[in-house]
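*Asks:*
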Ligand SMILES: Cc1cc2nc3c(=O)[nH]c(=O)nc-3n(C[C@@H](O)[C@@H](O)[C@H](O)COP(=O)(O)O)c2cc1C
Ligand SMILES: Cc1cc2nc3c(=O)[nH]c(=O)nc-3n(C[C@H](O)[C@H](O)[C@H](O)COP(=O)(O)O)c2cc1C
Ligand SMILES: Cc1cc2nc3c(=O)[nH]c(=O)nc-3n(C[C@H](O)[C@H](O)[C@H](O)COP(=O)(O)O)c2cc1C
Ligand SMILES: Cc1cc2nc3c(=O)[nH]c(=O)nc-3n(C[C@H](O)[C@H](O)[C@H](O)CO)c2cc1C
Ligand code: SF4
Ligand code: SF4
Ligand code: SF4
Ligand code: SF4
Ligand code: FES
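Residue numbers (my numbering), protein chains in the order written: chain A, 225 to 418; chain B, 455 to 1018; chain C, 36 to 262; chain D, 3 to 346; chain E, 844 to 1026; chain F, 39 to 257.
1. Between the C-alpha atoms of residue 304(D) and residue 377(A), what's the straight-line distance to the nearest angstrom?
2. Which residues in the same chain as residue 198(D) place their Cβ atom closer than 8 Å to its Cβ, once the five residues preceding and following it in sequence are excluded?
3. Quick check: what's the CA-CA separation for residue 286(D) versus residue 324(D)?
4. Between residue 971(E) and the rest of its own chain, which residues show a CB-CB distance below 6 Å, the 5 nearest in sequence each way excluded?
5. Thinking C-beta only, is residue 279(D) closer than 8 Å to residue 240(D)?
6. Only counting the same chain, and skipping five residues up and downstream in sequence, which positions put a Cβ closer than 6 Å to that of residue 752(B)?
7. For residue 289(A), go through chain E and note every residue whose CB falls closer than 9 Å to its CB, in chain order.
8. Chain E partners of residue 103(C), CB-CB under 8 Å?
9. If we ignore side chains and look at the alpha-carbon of each, how far apart do residue 996(E) and residue 960(E) end up?
10. Please name the residues in the segment 287-311 of chain D whose beta-carbon is closer than 7 Å to at least one beta-carbon of chain F, in chain order.
11. Interface residues of chain C around residue 859(E) at Cβ under 7 Å?
12. Excluding five sequence neighbours on each side, which residues of the same chain lie with their C-beta closer than 7 Å to the C-beta of residue 231(D)?
13. Could you check the C-alpha separation between residue 386(A) and residue 820(B) for me, to the nearest Å?
14. Name the chain D residues that come within less than 9 Å of residue 389(A), Cβ to Cβ?
15. Residue 651(B): buried (16+ other C-beta within 10 angstroms of its C-beta) or exposed?
16. Can you check DSSP and say which residues form a bridge with residue 718(B)?
17. When you compare the segment 236-248 of chain C with the segment 379-394 of chain A, are there three or more beta-carbon pairs, one atom per stretch, that lie closer than 8 Å?
18. Taking the beta carbon of residue 457(B) as the centre, do at least 16 other beta carbons fall within 10 Å, making it buried, or is it exposed?
19. Please go through the same chain and pick out, in chain order, the residues whose beta-carbon is closer than 8 Å to the beta-carbon of residue 400(A), but skip the five residues on each side of it.
20. Are the beta-carbon atoms belonging to residue 331(A) and residue 312(A) less than 8 Å from one another?
21. Take residue 56(F) as the anchor and find which of 855(E), 958(E), 889(E) and 886(E) has the nearest alpha-carbon.
22. Determine, using beta-carbon pairs with one atom in the segment 91-98 of chain D and one in the segment 137-146 of chain D, whether at least three such pairs fall under 8 Å.
23. Can you name the residues that DSSP bridges to residue 105(F)?
24. One question on the structure: do residue 236(A) and residue 404(A) come within less than 8 Å of each other, judged by their Cβ atoms?
25. Which bits of chain A does residue 144(C) rub up against, with CB to CB less than 8 Å?
26. Just to make sure I have the definition right: I need the residues of chain F whose C-beta is within less than 9 Å of the C-beta of residue 416(A). Which are they?
27. Name the DSSP beta bridge partners of residue 553(B), please?
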């Protein structure tokens, strides 16, 4: 039980995928101007990331390892991820136009979100330590960490709309610096899971 | 009496009321000139009934209430109308509005007045009398009182009389209550009767003991259930919603009418005006105005509507270092564009300002989010957030944070350590939002009309094509008999001769028209002649007809029927 | 392809539409591996290679791929290229391979690659696409190099450290110590430093653009006045 | 007319007066600091003040803003003082300068200066320093009578400005770990709390000397509460949460977890509760939001102190909660007049 | 090598099949974006965007064929709103697009008007009344200020008039808030 | 409907398949081409590390292949099996390099390579990976400081265990002020590894592995 808690705390806070591991930054910077959009993107990514962790764990465990093909990991993972994303997009578009309105434009971007490939690769690197459940849990934790910082970041950026930021820093420059200071704050979590 | 309730926040600015309560209410002599605006109430401007040169009697109707929310305007004394035109009025914009200038003849001769016994009349008749008497709220909102006296769907249980007068400097209600308490109480009886309310509560801030005593005395004489209640002195305790909250515990949200919660609120001066209008048939031609601040003798004056501020100030004795005039109190008042503007029904107080009384505020600093403003906001808003959004023109956000619940009381600006003109930002944001709203509405209307037009053109084309087809069919039938002739017929039907005829006429008219164009100045198309109006109506009717057709036979374009 | 076209593409990639400071794509490697110049440039060049080849490859086959399979197929091609480069680096510059670690396979999901393919290569002929990929990649490498330079100087007081990872131990002598006896401002090398430095870099680019447009205006006004 | 719009009157108060009162409120703590640890801290405070004001002026100039009114608002001074109080007094001069300049230039002015910064500038400065220069940031002077060697004020000055110690004295001998640090290190060595606390560095409640400094900040904090410059929500929620969590852990296992009062009076808890979390600009504005903010900070402080990598968690807790402020504010908006549920 | 091919083929076939299946099964028509864009456009219907009206321009934007900075009546604010909606960068007016003009309405000099009806046909929003051979007048509340009626008039009797500030359309101004050093 | 569905699915599938096959083939070919190179690089990397501890001249076997699996053991700090590399000169044991973990570093575990000479003295210690604070605890890394070389030649003296401590705690080892936790962890781990060496001396050198087998092991 406490092991799962540690995995979660580790993935969400201590080794936050965005602020500490520096993965998935493009959507983090790109889709955080509006809170609503950030929540949508976060949710969509969380969904795909969790699913991708599970799927690539299965591929790794039941195909690549038995057939001695670890060198195919990147290739097979990314293809599966792209497939999941594409499928999710089409499915949501059809079944829930409302949700699609919210997530629609972000879904294709998820394929090129480093975090979505990075987490399965990290899981594959630590193959020995993970069971399917733990892999899913780690994937979910990373996704939750992604969503969390994305939403918090969007909150700050919305507030910054009204701030008297110097002209040359308006927009992405100050956003980048804010992300840096957030990352600095997240260093405070260092050591919480040993 | 049940316990008093509290409202959130509030401030205690120094009151400065003692200055102007030292003498009894005096009457300002009839001035040499009155400038009477036709728009002194909320709602539609009154329609002028007089023309330049007309002689009018005191109390004569000179502005007729329009339909809907509107009120009447009267001559404040007898004399001659010397001008009707645009003049600068007491408005924040400093822009001119339609006014009648009246040169008094000094006789101050009333039109024949007929009072009525309201108890034997119908409530609707009493309201009509008030409407034509031009009685509007004198507490600041200048809303037509007859409309506020309509009982409506909800039963009004409590009538609240607002004698709080919470703004610093202002004492006109205080003095009125001291001197004419019985008239106020009688007015309250009329209002209670019209609204069929059960009880009347008069709320007076406890810094006016004399007024409370006088009102209690007068209330004793009434057969109605009228209670005078001393409420704590706390700005803005006189705001209708705050007073209702204090007296009854009921909170009336923004955008909700208090009658829906069974309460109606009137200013005490309004009550007195209602009494005089009903009992004596006297329209609202004067009011009590506090003149205070940087004047020699601060006091209260009974002033004819239309008197210029200069006349009032001169009477009280103007002082040299005066640098401006405020209409209303220092918290919510309006800086006047000059002393030439006239006293209107809303003018409860004129403060002559000087740098000593109202020193220039230090330059505004950024908001430090200290939340003092939130602590004093009677509407329980977060003024610092509203400011943040208004400042950066994020109007949607401002609205989300309940911008329109702000009553512009100014308490937040008063306490702000950064001296930010907060209320000003809210006013700015509100008026931007309103104008956007109306732009959006006209854009929507334009879209409807555009789409409808497309539809109409499409339809006309179709009809033409059908006709053409019919003709061609006929032609084809005739072809057997005379083929060549039929062809010619078909050809002419493609280009209808009237068009070519019209074009020819146009050519002919051009020369003459161009000559005219050079000579004539354009005039305002807004003021349409009856003939043009009829024409528009006719066109509209035609459109309506096509609309009907449209909605029956084909799928109508989006929302076009909103147009009608 | 005209030389003007060529110039435009390069101007676009290196400056106007620079992925790192304007488009804000491909940020993960930019921020994660830019702690030294050597790391930066190596990953930048690897990415450039992938971009150039993938743009050139995808441009001609674009029409053969059904829409719903577009992204999976494109990304597959990219992944193959990346993995090939990964093998090559692993075999020939192993120490560098170890340092760049997971960021080599992650070139696959480097947003800028797919973005350029979608935005440019899928609409242009192979040659132009390849050049565009090259230009964009070089733009990325440039940002990486500058960022790496600043972070290395601030963080360690050196430049070009880690050169030995590529050229063997003898290259250690090439390392430049910019500030001797430096305390090391660690923040610059840590993730927060990466974000903040890139933020400052973006601001610098904004400043230069602003200056350029202001100068432009100054230059234009007299012209119109005489005309 | 003196003002263009109503209201035409305002309460006589100003930002600079508020900030000045906060500076005054720091004085009891600083006085006790000097009493127990010597005057070196005054050097850092002066250094930080000068740097803060100079950076503020330079940034205002660069941003093309009026300099005088903003320099007079005292906020930069306050940032400088608070940062100086979080840095070991014997830290080299450049540490104070770098930290303060970073606070003011990056954490404050890049966001638009006073009133616009989402993060607490002083704590950003502290965080930057502790991750960049952990060695210098963890060597504190001990209170009088505890250290192996005590430097004279002149020697301290010399050390601060030139990093030169008198012949034969090692840096180790003049500094020591703070109480929190000592506790953590020794718990790591599996010593029981009761034994650790018998060492001379600990006093009645927490660290010898430093506990009294905390009392000084508490007194200043009470003054701020009394003058209504800060509201009770933040300190009460912060100290309350810290006390509650520490209490629970202590009750469950007193050999590994010190009692809650130790947490109150060590490290930056008191300073933070009354002076740092309360920074109006980077904390929430709603009452409920303040409670959530401070409770979260209390929890994080405790976790970092007990499980984390840093001896004290105050600064990071503040920054981490700063990140949440816009959302906390947005989701704790009080119901406005007339729109409360349950009331008609 | 063979195992690699087999494994990847397996993955590819499953994936391809699922996607192909989904593409047909979940196909949707129409583009709700156009409506959203159209709601932002000012509906002046002036054609300055080089499209015959606002809706066609909206359709073009949705299809990615037109830039967002081509509608002068919408002003910079309109561009900003479009940028927000579409998640793209703000783009100032420039190039061949006219800068926005202050709001005005058309005005027919009724003494000159010869009743040719040409302006009626030009007005996209039916804001002109009048029958053939009679003088025409403009319903100013309905006029969007598109200027399309100016060109067709053979006697040049239509002119544009600025909408002047009066008490009913007056707005509170942004408070003067001097943060910048006065130059 | 069914028909078109199946057809569409098949079409897409074939398309994807086509590109996959090409891609995978390319990849597989490259893999086969570079496989040996990669293996060689990896081996060299290992060898470089080990030879810092056991001079290359002191052994003549293929040390990277001559390994023995160490089961998880508290003395090694390991929870999963690790490896030991054995150096022999003319078939005679020269020394062994063990993969050891110090679990209680300041910020987590520190992976070490501890080399012991056949005579029971420390040949050398290297930190392979660690997460200690940069600038503070990272002096245990040879890249930052040569503190780690203080272990050279140290032996396990029976009965004098408390010498295996930092000076501050009464031991013989130097440390840097302000960061004692990291060296404590390293010293403790090396100390335990030495104990392990003494206990398992014979097993460590048993069964010399021929190069081929080592290849097997690698998987
Ligand atoms: C952000 C911040 C961090 C601090 N960190 C520590 C710390 O790590 N340990 C500690 O005991 N005191 C810390 N302090 C508190 C000291 O600044 C000071 O209040 C305390 O009295 C110093 O006493 P000492 O010399 O015994 O450490 C910190 C203060 C602040 C504001
Ligand atoms: C902040 C504020 C303060 C007010 N103060 C008073 C007041 O002191 N006395 C008063 O009669 N009306 C005051 N009003 C106006 C009342 O809200 C309300 O409009 C009035 O009492 C209604 O009566 P009337 O229609 O007779 O004017 C105030 C309004 C606001 C928004
Ligand atoms: C941010 C931070 C990071 C630290 N990192 C380490 C570290 O990596 N290794 C270490 O031994 N001590 C580290 N310490 C220091 C320990 O907290 C502790 O003070 C020190 O090990 C005790 O050493 P001393 O007994 O020489 O005072 C760190 C301290 C801080 C504040
Ligand atoms: C009660 C109070 C607490 C403050 N605390 C801090 C603080 O912790 N850190 C800081 O940099 N400034 C603090 N300030 C000063 C000021 O708010 C700060 O410089 C702004 O964040 C700069 O925009 C404080 C001010 C007040 C009134
Ligand atoms: S009182 Fe002024 S400074 Fe304080 S929060 Fe309100 S607006 Fe900001
Ligand atoms: S002016 Fe508006 S925001 Fe300010 S205190 Fe009054 S109601 Fe609240
Ligand atoms: S330019 Fe004219 S027609 Fe085009 S969108 Fe704007 S208002 Fe509509
Ligand atoms: S009247 Fe003229 S300017 Fe006005 S909407 Fe019609 S065509 Fe356009
Ligand atoms: S490079 Fe774009 S998300 Fe990582």
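Where a beta carbon is used, it is the ideal one built from N, C-alpha and C, also for glycine.
*Replies:* The structure says:
1. 24 Å
2. 184, 185, 188, 189 and 204
3. 8 Å
4. 962, 963, 979 and 981
5. yes
6. 473, 474 and 746
7. Near residue 289(A) there are no residues of chain E at all, since even the closest Cβ is about 11 Å away, more than 9 Å.
8. 862, 863, 865 and 866
9. 9 Å
10. 311
11. 104
12. 20, 23 and 24
13. 12 Å
14. 112, 113, 114 and 118
15. buried
16. 613(B)
17. yes
18. exposed
19. 253
20. yes
21. 855(E)
22. yes
23. 123(F)
24. no
25. 302, 335, 336, 337, 338, 340, 341 and 342
26. Those do not exist, as residue 416(A) stays about 10 Å from chain F at its closest Cβ, beyond 9 Å.
27. 491(B) and 539(B)
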